[in-house]
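Step one of this worksheet: look at the structure below.
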Ligand SMILES: NC(=O)c1ccc[n+]([C@@H]2O[C@H](COP(=O)([O-])OP(=O)(O)OC[C@H]3O[C@@H](n4cnc5c(N)ncnc54)[C@H](OP(=O)(O)O)[C@@H]3O)[C@@H](O)[C@H]2O)c1
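In structure tokens, the structure reads:
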């Protein structure tokens, strides 16, 4: 049963492991590295992927749809979002407000934000781009959306092959809707990463800061992956 159907029925059903496994329609807005990494993996888990592209007829977008399989398709960003229960905004961080504005009504939808706002200084190190977080900007623009910050603290190569890192990779997840967080935790765990729900969306700025440290680690020649080892 789809997320919307559950909500319409007004049941108390939560998006449990079984919920995620049933297969939702996931709109991935953007067709770059993150979309290429996650789209096929989500499809493998039984979800139907619709890519939202500024040019859905482009050859590379058609190739992405073909390699994704599982009934995947491509449409304009607004069309993709309209037909999906879950929307991932895999777009450049500074394009995000315009992209969100173009998506229409996101009320009730789970909106996953993997974007990484940052400025880069003369020393090559990243820093905060603004006083808030991109995830909170989405939430302000779309108050009815169920915004979840996730999947921003690692490289796309790690998404594709988490085991190549030699150990578990943690994915901090924050958002104000516990059911939406639970869905994203399930989605992330299913592709071999280790999601951890760290609470409300007001902490998205910290999760975006984790990217800044991670990226600076790369620049400084001290690359790492996050692993939040459970305490005893
Ligand atoms: N790359 C990584 O390893 C990684 C990992 C974690 C998080 N992230 C974050 O996730 C987001 C997506 O990353 P990405 O590496 O997939 O980015 P990317 O390769 O640059 O792709 C972004 C996609 O967004 C779409 N888009 C929409 N508006 C755009 C605009 N104004 N300018 C350019 N593209 C636009 C484009 O698809 P269409 O042309 O089809 O519209 C484009 O392919 C970023 O915010 C990034 O910080 C990236």
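In this note's numbering, the protein residues as written are 4 to 235. Backbone N, C-alpha and C fix where the C-beta goes; we use that ideal spot for every residue, glycine too.
Using the rule of at least 16 other Cβ atoms within 10 Å of the residue's Cβ for burial, across every protein chain shown, is residue 146 buried or exposed? exposed
By the 10 Å Cβ neighbour count, where 16 or more other Cβ atoms means buried, how is residue 143 classified, buried or exposed? exposed
What would DSSP say about residue 78, mapped onto helix, strand or coil? strand
Below 8 Å on the Cβ atoms is my guess for residue 42 versus residue 52; work out the distance and round it to an integer in Å. 5 Å
Which runs of the alpha helix (DSSP H) at least 4 residues long sit entirely within the stretch 30–93? Give them in chain order. 36–47, 62–71 and 80–85
Should residue 58 be listed as close to ligand 1, given that the test is whether its C-beta is under 7 Å from any heavy atom? yes
Using DSSP with H/G/I as helix, E/B as strand and the rest coil, what is residue 172? coil
Please classify residue 145: does DSSP put it in a helix, a strand, or coil? coil
Considering only residues of the same chain and omitting the five flanking positions on each side of residue 163, which have a CB-CB separation below 8 Å? 40 and 44
Could you name each continuous alpha helix (DSSP H) segment of 4 residues or more that falls completely within the stretch 186–233, going from the start of the chain to the end? 207–222
Please return the same chain residues whose Cβ sits closer than 7 Å to the Cβ of residue 207, not counting the five positions on each side in sequence. 136, 138, 139, 152 and 177
How far does the alpha helix (DSSP H) with residue 101 in it extend, from its first residue to its last? 99–105
For residue 198, which residues from the same chain have a beta carbon less than 6 Å from its beta carbon, with the 5 sequence-adjacent residues on both sides left out? 174, 176, 188, 191 and 192
Roughly how many whole angstroms lie between the Cα atoms of residue 218 and residue 129? 7 Å
Check whether the stretch 89–100 touches the stretch 112–119, taking contact to mean three or more Cβ pairs, one atom from each stretch, closer than 8 Å. yes
If we ignore side chains and look at the alpha-carbon of each, how far apart do residue 85 and residue 186 end up? 19 Å
Best match in 229, 46, 228 and 211 for proximity to residue 132 [C-alpha to C-alpha]: 211
Based on Cα-Cα distance, which residue from 66, 120, 150 and 118 lies nearest to residue 110? 150
Going by DSSP, which residues form a beta bridge with residue 130? 122
Put residue 28 into one of helix, strand or coil per three-state DSSP. strand
For ligand 1, is there a heavy atom less than 7 Å away from the beta-carbon of residue 154? yes
Same chain only: Cβ atoms within 8 Å of residue 79, ignoring 5 sequence neighbours per side: 55, 56, 57 and 59
Which word fits residue 196, buried or exposed, when buried means at least 16 other C-beta atoms lie within 10 angstroms of its C-beta? buried
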